[in-house]
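Reading through the structure tokens given below for one structure.
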Amino acid sequence: MAKTQIGQCALCRQNKELQLSHIVPNFVGRCLKNTSPGSIRVTNEPNKVAQDIEKHFMLCHDCEELFSIRERWFANYFFNPYQDRNETIYDYNENLTYFIISLSWRSLYLDLAEYVMDTDFDQDILMTLFRAEEIMHDYLMRKRADIGSIENHIFFLDRIQSISKLNASKSPSVAMHRSISSYTVYNGETSFTISNLMGILIVTFYSMDSKEQWINTKIHLGIGSIEARNQNITGVVGQEIQHWMNQLEEAKNNLSPTQKKKIEEKFENIGDEIKNYPIYQDFEDDKNLC
Ligand SMILES: [Zn+2]
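Heads up, the sequence shown is in the numbering used here, so the first residue is 4 and it goes up one at a time.
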């Protein structure tokens, strides 16, 4: 695939050369590759190894740069310390909101193109999503300083025991810490974009049912701090997590015997060194859950 393409940039809306951009920042995919004993697999096609995470022609070079600055900030102050497990309190400034909005907006923008074609899609929710896209777009372009009633939350999936009622036999720690995804969904009156950056769950709510309760997860627009402790969620997002685990389980069952053998051989060759990979701790945590 070509590296650039001429078209309208989704952010500045100018006709420019568009870059092939990642939805989930590149550093997340790189980290997953560097810390995986095997190859990255796309779960709906378990026998194919993903060369890279999802990419789209969407932004021009200048807008891509605008996002990269905040991605680097997030990598340095959240993602890397979290992967090293040596931090529980994370201080932040407005870069965090900008980063989260840039991530959720990209995901929402691409999802909307599909949802608008879907005649079964709830029309009120669709309008909510369109309004949210515009607010986020204007915020990213610095045309407005606030994000209206949109709410950003971070939930650290550290030590999965904190989430009740999940089926532990489906390896929740591995499912959560070794996966990357970002998409927009609605359930009843709650609509949101959810991204899992290897255990850091980022949720942007566009509308929220009163049953949705999130404790110690909200990100404020300016300066603040968030702790990867005593967080609690009640609501529809728990169902998403269960859905991911089901998908992972399904993918495991759909592996061909040859692929299974290859993976087993790879693990055998690694032998005791497996303990040096972060995934090992996840295996251990899942064992303790059962
Ligand atoms: Zn642009």
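Just so it is clear, CB atoms sit at the ideal spot from N, CA and C, and this is done for glycine as well. Computed from a predicted structure; not experimentally measured.
Nonlocal neighbours in the same chain, by C-beta distance under 7 Å from Lys6, ignoring five residues either side: Closer than 7 Å at the Cβ level, and outside the excluded window around Lys6, lie Leu23.
Identity of the residues DSSP links to Ile197 by a beta bridge: As DSSP reads the structure, Ile197 sits in a beta bridge with Tyr186 and Val206.
Beta-carbon contacts of Leu111 that lie in its chain and below 6 Å, excluding the five residues immediately before and after: Around Leu111: Glu136, Thr187 and Thr196.
Status (buried if at least 16 other CB within 10 Å, exposed otherwise) for Pro260: Pro260 is exposed by the Cβ-count criterion.
The stretch 215–222 in contact with the stretch 107–126 per 3-pair CB rule at 8 Å: With a cut-off of 8 Å, the stretch 107–126 and the stretch 215–222 do not count as touching, because too few Cβ pairs lie within range.
Separation of Val240 from Val206, as counted between CA atoms: Roughly 9 Å between the two C-alpha positions.
Spatial distance of Ala178 from Tyr209 (CA atoms): Model confidence at Ala178 stands at a pLDDT of 49, short of 50, so the residue's coordinates are unreliable; what they give is reported in the following sentence. Roughly 26 Å separates the two Cα atoms.
Best match in Glu192, Val119 and Ile104 for proximity to Gly295 [C-alpha to C-alpha]: Lying before the first or after the last residue shown, residue 295 is absent from the chain, which here runs from 4 to 293.
Span separating the alpha-carbon of Ile218 from that of Phe159: Distance between the alpha carbons of Ile218 and Phe159 is about 12 Å.
Status (buried if at least 16 other CB within 10 Å, exposed otherwise) for Gln201: Before going on, a small fix: residue 201 reads as Met here, not Gln. Classification of Met201: buried, given that the 10 Å Cβ count is 16 or more.
Short Cβ contact (7 Å threshold) for Ile236 with Ile157: Contact: no.
Classification of Gly10 by the beta-carbon crowding that lies within 10 angstroms, buried from 16 upward: Exposed: under 16 other Cβ atoms inside 10 Å.
Three-way DSSP call (helix, strand, coil) for Glu67 in this model: Secondary structure of Glu67 (DSSP, three-state): helix.
Selection from Leu69, Asn155, Arg109 and Asp121 that minimises the alpha carbon distance to Ser184: Comparing C-alpha distances from Ser184 to each of Leu69, Asn155, Arg109 and Asp121 shows the shortest one belongs to Arg109.
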